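Notes to accompany the following structure.
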């Protein structure tokens, strides 16, 4: 059965009612609110910033569900705001900095901060999921951060526990763990993970270490748990198709448009152009993150990353951080038999030279050629998304 997907970069998106199991189901309208606080020294130096961005859920006709979800979100926000450990030390650290002439002359003082950022990872009539990133900076080379996954039943507003996901909780746990261990053994994961990952289960099966995305069930580790800091939050996705074979509860099934992330280096097979036979596809990055990075996107033996004019040009554009490119299969139109290809990377131009996510879309035609469809600001993995190509 053909599967597809849909995406937009929007602050507020109204998702309309749809039918589910014969009953009208209300989907959420999600907007975002921001709380910000700052602290300055007597000399006017910015010492500390506290930034909190979080969603507010509205569901017309199902207000009680929205209230439960919003209460749970605000509990996370309140817990974040109650932690003043970074703010409490910044004034003393700045005083020490000013009193140390050698340190003062050699380095500037970078202001400290606490950030709380929450994004929507799934929003449909069955499930509403969020991913929270909490980061803090107290001097040094880089900040520290960790993630939290929040998952809600879209009909009741209750938190979903991992034990709720399978028809048989023990079997579902065992089957998903076997899948994660298989992923962890691939070259993609071995290249970024510690050699000893005997605590894989202990780390990934903690509370709030998973969420639902448009691709499947995502488990994640925080920095330093399974790999070095540069590896970041290492994620493992179990696709919805595989979840169904593991006895995934139907009430949490995903019926919307799917994204399928291509795991680097691994060969996969999909019928991209609807002509019947499956294409052999491989996407990988040589020397990821280095100055000598080179990307490869191969379909049936042809490396389009070097032989396709638009694609090779985008992968060499210095304004894009192409060395961290992610590749997805993405269906722009579920009424046709084509599955499009999406390359996501960050664009470095803009105010303050900030990073802006962009997606480049391609189609593999029935005649075996790759057609560039255009680019859009944003990511196809955003569940609140509508395609607008330049």
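Residue numbers (my numbering): 9 to 398.
All C-beta atoms in this analysis are idealised placements derived from N, C-alpha and C, irrespective of residue type, glycine included.
Keep in mind the model is a prediction, meaning the values are calculated, not measured.
With DSSP as the reference, please indicate the residues paired to residue 66 in a beta bridge. 37
How about residue 126 and residue 94: do their beta carbons lie closer than 9 Å? no
Quick check on residue 180: does DSSP put it in helix, strand or coil? helix
Sorted by chain position, which residues of the same chain lie with C-beta nearer than 6 Å to residue 42's C-beta, five sequence neighbours on each side aside? 61
Residue interval of the alpha helix (DSSP H) (run including residue 170): No alpha helix (DSSP H) holds residue 170; DSSP gives it neither H nor E.
Identify every residue that forms a DSSP beta bridge with residue 382. 369
Measure the C-alpha to C-alpha separation of residue 195 and residue 204 and round it to an integer number of angstroms. 15 Å
Please state if the CB of residue 219 and the CB of residue 134 are separated by a distance shorter than 9 Å. no
The segment 245-260 touching the segment 223-237, judged by at least three CB pairs closer than 8 Å: yes
Tell me which same chain residues have a C-beta within less than 6 Å of the C-beta of residue 30, skipping the five on either side of it? At residue 30, the pLDDT of 36 sits below 50, so the modelled position is not reliable; the number obtained from the coordinates is stated separately. Excluding sequence neighbours, residue 30 sits near nothing in its chain.
Report the option in 265, 310, 269, 294 whose CA atom is closest to the CA atom of residue 287. 310
Minimum C-alpha distance to residue 154 - residue among 78, 182, 367, 124: 124
Below 7 Å CB to CB, which residues in the same chain sit around residue 202 once its five sequence neighbours on both sides are set aside? 234, 235
Straight-line CA distance for residue 215 to residue 191? 21 Å
In chain order, what residues of the same chain lie with their CB nearer than 7 Å to the CB of residue 141, ignoring the 5 residues before and after it? 125, 153, 155
Beta-carbon separation of residue 264 and residue 38 under 9 Å? no
Beta-bridge partners of residue 130, as assigned by DSSP: 137
Considering residue 225, what are the terminal residues of the beta strand (DSSP E) in which it resides? 224-228
Use the C-beta contact count for residue 65: other C-beta atoms within 10 angstroms, 16 or more gives buried, fewer gives exposed. buried
What does the alpha-carbon distance come out to for the pair residue 350 and residue 279? 15 Å
Does the beta-carbon of residue 32 have 16 or more other beta-carbons within 10 angstroms, so that it is buried, or is it exposed? Confidence at residue 32 is low in this model, with a pLDDT of 43, below 50, so its placement is unreliable and no value can be given for it.
Taking just the CA atoms, how far does residue 267 sit from residue 388? 7 Å
Evaluate residue 367 with the Cβ neighbour count: other Cβ atoms within 10 Å of its Cβ, from every protein chain shown; 16 or more gives buried, anything less gives exposed. buried
Alpha-carbon to alpha-carbon, residue 217 and residue 143: 16 Å
Same chain only: Cβ atoms within 6 Å of residue 171, ignoring 5 sequence neighbours per side: 177
For residue 187, which residues in the same chain have their Cβ closer than 7 Å to its Cβ, ignoring the five residues on either side in sequence? 246, 250
Identify, in the order they occur along the chain, each residue of the same chain with its Cβ nearer than 8 Å to the Cβ of residue 275, setting aside the five sequence neighbours on each side. 288, 289, 290
Exposed or buried, residue 352, counting other C-beta atoms within 10 Å across all chains shown (16 or more means buried)? buried
Rounded separation between residue 128 and residue 71 - CA only: 19 Å
Compare the C-alpha of residue 63 against each of 52, 130, 269, 45 and name the closest. 130
Rounded to a whole number of angstroms, what is the C-alpha to C-alpha distance between residue 323 and residue 80? 42 Å
For a test of the three-state rule: what should DSSP assign to residue 48, helix, strand or coil? strand
Helix, strand or coil: how does DSSP classify residue 250 here? helix
Could you work out which residue in 240, 199, 183, 35 is closest to residue 165 when comparing CA atoms only? 35
With DSSP as the reference, label residue 159 as helix, strand or coil. strand
DSSP state of residue 232, grouped into three classes? coil
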